[in-house]
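Single-structure report; data block below.
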Amino acid sequence: MSRGMENLSEEDVAAALQLCSFQYIVLDPQSARELEEEKQRVQRSLPPPKPREKKTLHCFPSSSGNQPDDFPVALRRLVGKYCSPSWKKRLTESDLLDTQTRLLLKQSYVENKLYPLLTPEEVVQVKDGGLGVNVYDGEGNVYNMKFKLWGLKAYVLTNQNWLNFARDHNLVKGEDWITLWMFKHSRTGQVCFAIKTKPLSKVSVASGGKKVVSMDQCDSQKRSRNIASDRNGDGCSN
């Protein structure tokens, strides 16, 4: 006797076997129609199934103009269903070292704002060797990089293309800020980053007070330094 039927009476066993045999019975057309009609009648009498609850991500939906106001206009058409909140950073010396080739990201920002946008498989890739991503500047130029866990708790965007990005945009430690977002591509679903760059508003002491140099002035000063450096023969080519 099959397992689980030891405590059944002989009548129960006989009824169960009879029910099992029904699947092999060939019904005449009239009986088949009547059975199908009865099946449909019972199904119509049942309450409709409850809709499945959808889990929502706590981040900016990118459709219907709900992207962050300062998100690069040139990239808006690339953004799929979700875009993370922005994160700002003043670049440090280690961010621009040739020997490091990486941009260090804030751990709490990655784990609280970026991870909710990733699939479990993508999170595993970040922690195990790195996830390939496209990084866009504010004009839509793209750089292929790796988004990865570096060490135990340091998250980075890394490889030689980060240094190429920094050189293409003349980034200077302590003088430049970046604003960063992560999003899923509208067509491919690939994980992407957007990075806007801007110079820091400098503050210097003049005549006993503080004088604020505008960002336009700061940018002009940087360009002047770059031109002078090129004339002296020690500038970097892009």
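Residues in the sequence shown are numbered from 430 upward in steps of one, following the numbering used here.
Note that beta-carbon positions come from the ideal geometry of N, C-alpha and C, so glycine has one too.
Please read these numbers as outputs of a predicted model, since none were measured by experiment.
In this structure, R531 is the residue among L475, R531, W606 with its C-alpha nearest to the C-alpha of G580. Looking at the backbone, the Cα of K517 and that of S474 are separated by about 58 Å. Residue K625 holds the alpha-carbon nearest to the alpha-carbon of E568 among E465, E466, K625.
In this structure, L600 and L525 form a Cβ contact; the two beta carbons are roughly 6 Å apart against a cut-off of 8 Å.
DSSP places L543 within a helical segment (H, G or I) once states are collapsed to three. Within the model, the alpha-carbon separation for M611 versus R506 is close to 14 Å. Across the set K556, M574, E551, Q459, the C-alpha of M574 shows the shortest separation from the C-alpha of A623. Around the beta carbon of I454, a 10 Å sphere encloses fewer than 16 other beta carbons of the protein chains shown; the residue is thus reported as exposed.
Runs of alpha helix (DSSP H) with 4 or more residues, each lying fully within the segment 504-537, are absent.
In its chain, beyond the 5 residues on either side, V552 have a beta carbon closer than 7 Å to the beta carbon of Y544.
DSSP places D557 outside both helix and strand once states are collapsed to three, so it counts as coil.
With fewer than 16 other beta carbons inside 10 angstroms of its own, Q472 counts as exposed. The residues L560, in chain order, have a CB closer than 6 Å to that of Q554 in the same chain once the five nearest residues on each side in sequence are set aside. Of P628, G618, K613, T617, the smallest CA-CA separation from S513 is found for K613. Setting aside the 5 residues that flank it on each side, P497 is surrounded in the same chain by F489, C512, P514, S515, W610, each with a C-beta closer than 8 Å to its C-beta; the list follows chain order. In the DSSP secondary-structure assignment, K575 is bridged to G561, T587. DSSP places F594 in the helix class (H, G or I) of the three-state scheme.
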